[in-house]
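The listed protein sequences derive, respectively, from chains A and B. According to the working numbering, the stretch in the first sequence is residues 9 to 118, in order. According to the working numbering, the stretch in the second sequence is residues 6 to 121, in order. For reference, the structure is listed below as structure tokens.
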Amino acid sequence: EDKVVQSPLSLVVHEGDTVTLNCSYEVTNFRSLLWYKQEKKAPTFLFMLTSSGIEKKSGRLSSILDKKELFSILNITATQTGDSAIYLCAVRNTGNQFYFGTGTSLTVIP
Amino acid sequence: DTGVSQDPRHKITKRGQNVTFRCDPISEHNRLYWYRQTLGQGPEFLTYFQNEAQLEKSRLLSDRFSAERPKGSFSTLEIQRTEQGDSAMYLCANSPLAGPSTGELFFGEGSRLTVL
Chain A
9 EDKVVQSPLS
19 LVVHEGDTVT
29 LNCSYEVTNF
39 RSLLWYKQEK
49 KAPTFLFMLT
59 SSGIEKKSGR
69 LSSILDKKEL
79 FSILNITATQ
89 TGDSAIYLCA
99 VRNTGNQFYF
109 GTGTSLTVIP
Chain B
6 DTGVSQDPRH
16 KITKRGQNVT
26 FRCDPISEHN
36 RLYWYRQTLG
46 QGPEFLTYFQ
56 NEAQLEKSRL
66 LSDRFSAERP
76 KGSFSTLEIQ
86 RTEQGDSAMY
96 LCANSPLAGP
106 STGELFFGEG
116 SRLTVL
């Protein structure tokens, strides 16, 4: 059975801290891995990763994929209260099906 | 605003009633997905269209759920004889077949269903 597992399920940090969110997967016919941020509305796209070892960066957020060990991490440095959200990991297979993890709920305290 | 429009945004209904949700996708996005999301969970796949063809349907989807995309544009998701366990956020997402955003899902704001 295809599955995506995220950890931790929730995280509470102080502003300025650095956090690392984890996503491991078992999906046949892997095509890409995506990260989304969800506040109290629809998920918004952060990154799409297809190749191992190539870091994607956007401001304070970065992500990397390891296709051999079947996982990805999302790093957020110098966290701000606006980073508080649920972070979703999804894996797309070659059949264009997307499998989502349960998400990591991040709370950043001022 | 991703350009994906869902209607209604909120629906409260009594158990046993039928409900229908509509999704108007980004016009050039051929792929359309329906997901269900409950509190503390990630989106759960329901069904997927490429143009007007329904290519896949979740095995978890009961016969009370049906989706259509008659002209390959907007889509509807109908739930018949609603049950309290159907209470959830129903998300529509689109993806283009080609271009720089291929492989990315664009989500609508969702339709929140509460079954009393």
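Ideal Cβ placement from N, Cα and C applies to all residues, glycine included.
Rounded C-alpha distance that separates residue i from residue j
| i | j | result |
| --- | --- | --- |
| B:Asp12 | B:Phe26 | 6 angstroms |
| A:Glu34 | B:Pro30 | 30 angstroms |
| B:Cys97 | A:Phe79 | 27 angstroms |
| A:Thr102 | A:Arg39 | 5 angstroms |
| A:Val99 | B:Arg64 | 19 angstroms |
| B:Arg20 | A:Gln46 | 29 angstroms |
| A:Leu17 | A:Asn104 | 26 angstroms |
| A:Lys48 | A:Ser60 | 32 angstroms |
| B:Ser67 | B:Ser92 | 14 angstroms |
| B:Glu33 | B:Gly77 | 10 angstroms |
| B:Thr87 | B:Phe50 | 19 angstroms |
6 angstroms CB neighbourhood of residue i in its chain, flanking five on each side removed
| i | result |
| --- | --- |
| A:Pro51 | Tyr44 and Leu96 |
| A:Leu29 | Leu82, Tyr95 and Thr112 |
| A:Ile117 | His22 |
| B:Lys16 | Val24 and Leu118 |
| B:Gly8 | Ile31 |
| A:Phe55 | Trp43, Lys64 and Ser71 |
| A:Thr26 | Thr85 |
Residue burial classification, residue i (beta-carbon count within 10 angstroms, cutoff 16)
| i | result |
| --- | --- |
| B:Thr52 | buried |
| B:Asp44 | It is Leu, not Asp, that sits at residue 44 of chain B in the sequence shown. B:Leu44 is exposed by the Cβ-count criterion. |
| B:Pro48 | buried |
| A:Ser66 | exposed |
| B:Val120 | buried |
| A:Asp91 | buried |
| B:Arg69 | exposed |
| A:Gly24 | exposed |
| B:Arg74 | buried |
| B:Leu110 | buried |
| B:Leu60 | exposed |
Proximal residues to residue i (C-beta, below 8 angstroms), its chain only, five neighbours per side dropped
| i | result |
| --- | --- |
| B:Arg36 | Tyr53, Phe54, Gln55, Asn99, Ser100, Pro101 and Leu102 |
| B:Phe79 | Arg27, Cys28, Asp29 and Pro30 |
Neighbourhood of residue i by C-beta, 7 angstroms cutoff - its chain only, sequence neighbours within 5 removed
| i | result |
| --- | --- |
| A:Arg68 | Ile84, Thr85 and Ala86 |
| B:Tyr95 | Phe26, Trp39, Arg41, Leu82, Gly115, Ser116 and Leu118 |
| A:Ser70 | Glu63, Lys64 and Asn83 |
| B:Gln85 | Asn23 and Arg69 |
Beta carbon proximity, residue i to chain B, threshold 8 angstroms
| i | result |
| --- | --- |
| A:Ala93 | no |
| A:Leu96 | yes |
| A:Phe38 | no |
| A:Asn104 | yes |
| A:Thr112 | no |
| A:Gly50 | The sequence given here has Ala at residue 50 of chain A, not Gly. Yes, A:Ala50 counts as interfacial toward chain B. |
Beta carbon proximity, residue i to chain A, threshold 8 angstroms
| i | result |
| --- | --- |
| B:Tyr53 | yes |
| B:Phe70 | no |
| B:Leu65 | no |
| B:Gln46 | yes |
beta-carbon residue i near the ligand FAD non-hydrogen atom, thresh 7 angstroms
| i | result |
| --- | --- |
| B:Thr107 | This structure simply doesn't include the ligand FAD, nor any ligand for that matter. |
Residue i at chain E interface by Cβ criterion, 8 angstroms
| i | result |
| --- | --- |
| B:Gly77 | Among the protein chains of the structure shown, namely A and B, there is no chain E. |
| field | Members of the segment 22 to 43 of chain B that neighbour chain A once the beta carbon cut-off is set at 8 angstroms | value | Arg36, Tyr38 and Tyr40
| query | If you measure beta-carbon to beta-carbon, which residues of the segment 107 to 119 of chain B are closer than 7 angstroms to chain A? | reply | Gly108, Glu109, Leu110, Phe112, Gly113, Glu114 and Gly115
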